[in-house]
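Just so you know, we're using full-length UniProt numbering here: the sequence shown kicks off at 1 and counts up by one.
Note that the Cβ used here is the ideal one computed from N, Cα and C, for glycine as well.
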Amino acid sequence: MINDRKMDYLLKIAETRSITSAARALYVSQPALSQFVSSLEKEYDTKIFEYESGKLTPTYTGELIIESFKQQKLLESNLQRALNDARQSRSGRFSIGISNGRAPMFLSIVLPDFKKEYPNIQLTINTKSENGFESMVAAGNLDIAFVMDRADVPAKVKEGLIYEPLFDYYCLLAAPPTHPIAREAERIPDWRLRPPVNLNDFKDEPFIQTITSDRHKHWEEDILKPYDFHPKQTILLTEESAVYSLVQAGLGFALLQDYVAFSYRKGAFFRLDRDNSKATLCIIYRKGFVLSKAMQYFIGLVKEHAKKGSFFQF
1 MINDRKMDYL
11 LKIAETRSIT
21 SAARALYVSQ
31 PALSQFVSSL
41 EKEYDTKIFE
51 YESGKLTPTY
61 TGELIIESFK
71 QQKLLESNLQ
81 RALNDARQSR
91 SGRFSIGISN
101 GRAPMFLSIV
111 LPDFKKEYPN
121 IQLTINTKSE
131 NGFESMVAAG
141 NLDIAFVMDR
151 ADVPAKVKEG
161 LIYEPLFDYY
171 CLLAAPPTHP
181 IAREAERIPD
191 WRLRPPVNLN
201 DFKDEPFIQT
211 ITSDRHKHWE
221 EDILKPYDFH
231 PKQTILLTEE
241 SAVYSLVQAG
251 LGFALLQDYV
261 AFSYRKGAFF
271 RLDRDNSKAT
281 LCIIYRKGFV
291 LSKAMQYFIG
301 LVKEHAKKGS
311 FFQF
């Protein structure tokens, strides 16, 4: 009989496709995890993973085992939530995935109301994911997550998820305060009322960028396509949260999601005149996953605040 911990081990390896990454996330040694896979393969008399292009890929029989583990964990978690709700329990726990850029804006608005209603619910907030929150939700490592609908996600992962749309968002040009165009921002404080700009007017300017992830590659290409524009890359960062600070320090321009403008409420932000950046922020969870009353309440709060425009106040 496989216990929950061993199920978690196998599902984490399947999610990260790497013994090294899984061991780091699980706080166990690589040899112990490798030995676990070997013992499991011996127990089931089948090969579970094979290497393809330097990454672990489940075999056909491995996929069967992994899917079985997912279903076992899903059934158990659904049962526990149903029992808690039947007992009118006001305690419990659930996990949320949200980017470190969006977390301060969202959680500071939603969590105070949520904790008033469910003070004893333990929340685990995950702001980092190597392969996207979608894969973590699909594997059962997160209960719900905030993601963009245009992220490049494997079809098999996406098919197993429910997407509930919240609102649309766009990409903005952020200008350094030392550039002449920043005077327009001083003249019109609300960036939503400023005239949109043509990216080609800034083709010779330095840009600050994050290293493009495979998940967002096509979305970013779509933004630049109407301009045939390729920014100068003077500084490349792994964390988007630092880009705004460098723009404000006068080191260059950047293309940032509009939540940054709403979060900081200052800066020279401009809409694009050939805007092809529209994306929709969604809450996702697994198909067949039973949402507890606390989770339903949390999602309801997010939708209520999105409808009221709480996240877009200037």
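Inspect the beta-carbon positions of residue 74 and residue 288 and report whether they are closer than 9 Å.
Along the sequence shown, one-based indexing puts residue 74 at 74. Along the sequence shown, one-based indexing puts residue 288 at 288. The answer is yes: Cβ separation under 9 Å.
Can you tell which of 285, 260 and 135 has the C-alpha that lies nearest to the C-alpha of residue 106?
Looking up residue 106 in the sequence shown gives position 106. When each option's Cα is compared against that of residue 106, the closest is 260.
Taking the runs of the alpha helix (DSSP H) that are 4 residues or longer, which of them lie wholly in the segment 180-234?
182-187 and 217-224
Tell me the rounded alpha-carbon separation between residue 226 and residue 68.
The residue labelled residue 226 in the question sits at position 226 within the sequence shown. The residue labelled residue 68 in the question sits at position 68 within the sequence shown. Approximately 46 Å, taken between the alpha carbons.
Given a cut-off of 9 Å on the beta-carbon distance, is the pair residue 97 and residue 49 in contact?
Within the sequence shown, residue 97 is the residue found at index 97, counting from 1. Within the sequence shown, residue 49 is the residue found at index 49, counting from 1. Contact flag unset, no.
Quick check: the Cα distance between residue 112 and residue 150, rounded to an integer number of angstroms?
The count along the sequence shown starts at 1 and reaches residue 112 at position 112. The count along the sequence shown starts at 1 and reaches residue 150 at position 150. Near 30 Å, if we compare the C-alpha coordinates of residue 150 and residue 112.
If I'm right that residue 148 touches residue 281 with Cβ under 8 Å, what's the distance once you round it to whole angstroms?
Against the sequence shown, residue 148 aligns to sequence position 148. Against the sequence shown, residue 281 aligns to sequence position 281. With 8 Å as the limit, residue 148 and residue 281 qualify as a contact, their Cβ atoms being about 6 Å apart.
With residue 308 as the anchor, note down where its alpha helix (DSSP H) starts and where it stops.
As a working mapping, residue 308 is identified with position 308 in the sequence shown. First-last of the alpha helix (DSSP H) with residue 308: 293-308.
Do you know how far the Cα of residue 229 is from the Cα of residue 283?
Residue numbering aside, residue 283 sits at position 283 when the sequence shown is read from its first letter. Residue numbering aside, residue 229 sits at position 229 when the sequence shown is read from its first letter. Approximately 32 Å, taken between the alpha carbons.
Coarse secondary structure for residue 50, derived from DSSP in three states:
In the sequence shown, the residue the question calls residue 50 occupies position 50. It is a strand residue.
How about the segment 139-146 and the segment 229-246: do they share at least three Cβ pairs that are nearer than 8 Å?
no
Whole runs of the alpha helix (DSSP H) within the segment 15-41, excluding any shorter than 4 residues:
19-26
By the three-class DSSP mapping on this structure, what secondary structure does residue 147 have?
Walking along the sequence shown from the start, residue 147 turns up at place 147. In the structure shown, residue 147 sits in a strand (DSSP, three-state: E or B).
Which residues mark the beginning and the end of the alpha helix (DSSP H) in which residue 262 is found?
The count along the sequence shown starts at 1 and reaches residue 262 at position 262. It spans 258-264 - the alpha helix (DSSP H) in which residue 262 sits, taken as one unbroken run.
Note down the Cα distance separating residue 241 from residue 100, rounded to an integer number of angstroms.
The count along the sequence shown starts at 1 and reaches residue 241 at position 241. The count along the sequence shown starts at 1 and reaches residue 100 at position 100. If I take the Cα positions, the gap works out to 7 Å.
On the three-state DSSP scale, how would you describe residue 103?
Taking the first residue of the sequence shown as position 1, residue 103 is located at position 103. In the structure shown, residue 103 sits in a helix (DSSP, three-state: H, G or I).
To the nearest angstrom, report how far apart residue 177 and residue 30 are at their CA atoms.
On the sequence shown, position 177 is the one that residue 177 refers to. On the sequence shown, position 30 is the one that residue 30 refers to. Distance between the alpha carbons of residue 177 and residue 30 is about 48 Å.
Neighbourhood of residue 7 by C-beta distance below 8 Å, restricted to the same chain and skipping five residues each side:
Walking along the sequence shown from the start, residue 7 turns up at place 7. Result list for residue 7: 69, 72 and 73, in chain order.
Spatial neighbours of residue 41 within its chain, please: C-beta separation below 8 Å, excluding the five flanking residues on both sides.
Within the sequence shown, residue 41 is the residue found at index 41, counting from 1. Cβ within range, chain order: 47 and 48.
C-alpha gap between residue 190 and residue 171, whole angstroms:
Taking the first residue of the sequence shown as position 1, residue 190 is located at position 190. Taking the first residue of the sequence shown as position 1, residue 171 is located at position 171. So the alpha carbons of these two residues sit roughly 16 Å apart.
Residue 320 versus residue 250 - alpha carbon distance:
Residue 320 lies beyond the residue range present for the chain, which begins at 1 and ends at 314; the question has no answer from this structure.
Can you tell me whether DSSP reads residue 122 as helix, strand or coil?
Residue numbering aside, residue 122 sits at position 122 when the sequence shown is read from its first letter. Three-state result, residue 122: strand.
Find out if the Cβ-Cβ distance for the pair residue 110, residue 236 is shorter than 9 Å.
Within the sequence shown, the letter at position 110 stands for residue 110. Within the sequence shown, the letter at position 236 stands for residue 236. The answer is no: Cβ separation not under 9 Å.
DSSP state of residue 170, grouped into three classes?
The residue you call residue 170 lines up with position 170 of the sequence shown. Residue 170 falls in the coil class under three-state DSSP.
Per-residue burial, residue 141 [other beta carbons within 10 Å of its own, 16 or more giving buried]:
In the sequence shown, residue 141 corresponds to position 141, counting from 1. Counting Cβ neighbours within 10 Å, residue 141 comes out buried, since at least 16 surround it.
Hey, out of 169, 138 and 164, whose CA is closest to residue 157's CA?
Translated into the one-based positions of the sequence shown, residue 157 becomes position 157. When only C-alpha atoms are compared, the closest one is 138.
Can you tell me the Cβ-Cβ gap for residue 95 and residue 124, rounded? I've got them flagged as a contact below 8 Å.
On the sequence shown, position 95 is the one that residue 95 refers to. On the sequence shown, position 124 is the one that residue 124 refers to. Between residue 124 and residue 95 the Cβ distance is about 4 Å, and since that is below 8 Å, they are a contact.
Going by CA-CA distance only, name the one from 277, 166 and 267 that's closest to residue 308.
Within the sequence shown, residue 308 is the residue found at index 308, counting from 1. When only C-alpha atoms are compared, the closest one is 166.
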